[in-house]
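Engineer: Counting from 11, one number per residue, gives the positions in the sequence shown under this note's numbering. Sharing a structure, written as structure tokens. Questions coming.
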Amino acid sequence: MKISVRADLCCAAQLCTKNAPGIYRLDELGYNASDGDEVPPGQEAEARRGARSCPEGAINLEGE
Ligand code: SF4
11 MKISVRADLC
21 CAAQLCTKNA
31 PGIYRLDELG
41 YNASDGDEVP
51 PGQEAEARRG
61 ARSCPEGAIN
71 LEGE
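This is the structure:
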């Protein structure tokens, strides 16, 4: 499973990292910097929880 983040939608709300701190990373300005990252095996549920929590719908999980 691969993380895709639309930078044009991300508004740095940071709910993704609050709900899935082991999956998502932020850049120095607080925007999601996880675009292109692979979700570690066994952590798909956490990745989904973080993606669902994004108020902008900026996160897509490829390979679902
Ligand atoms: S929750 Fe969504 S809008 Fe907020 S930082 Fe994460 S990806 Fe960006």
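Glycine included, each C-beta is placed from N, C-alpha and C at the ideal position.
Below 8 Å on the Cβ atoms is my contact criterion, and I expect residue 14 with residue 72 to pass it. Report the Cβ-Cβ distance as a whole number of Å.
Structural biologist: Counting from 1 along the sequence shown, the entry for residue 14 is found at position 4. Counting from 1 along the sequence shown, the entry for residue 72 is found at position 62. That pair is a contact at about 6 Å.
Engineer: Have a look at residue 23 and residue 48 and give me their C-alpha separation to the nearest angstrom.
Structural biologist: The residue labelled residue 23 in the question sits at position 13 within the sequence shown. The residue labelled residue 48 in the question sits at position 38 within the sequence shown. In a straight line, the C-alpha of residue 23 is about 22 Å away from that of residue 48.
Engineer: Just to check my reading of the structure: residue 36 and residue 27 have Cβ atoms closer than 8 Å, yes? What is that Cβ distance to the nearest angstrom?
Structural biologist: Taking the sequence shown and counting its residues from 1, one reaches residue 36 at position 26. Taking the sequence shown and counting its residues from 1, one reaches residue 27 at position 17. Residue 36 to residue 27, Cβ: 6 Å. Contact.
Engineer: With a threshold of 6 Å on Cβ separation, who are the neighbours of residue 89 within its own chain once the five nearest residues in sequence on each side are excluded?
Structural biologist: There is no way to answer for residue 89, as the model of the chain reaches only from 11 to 74.
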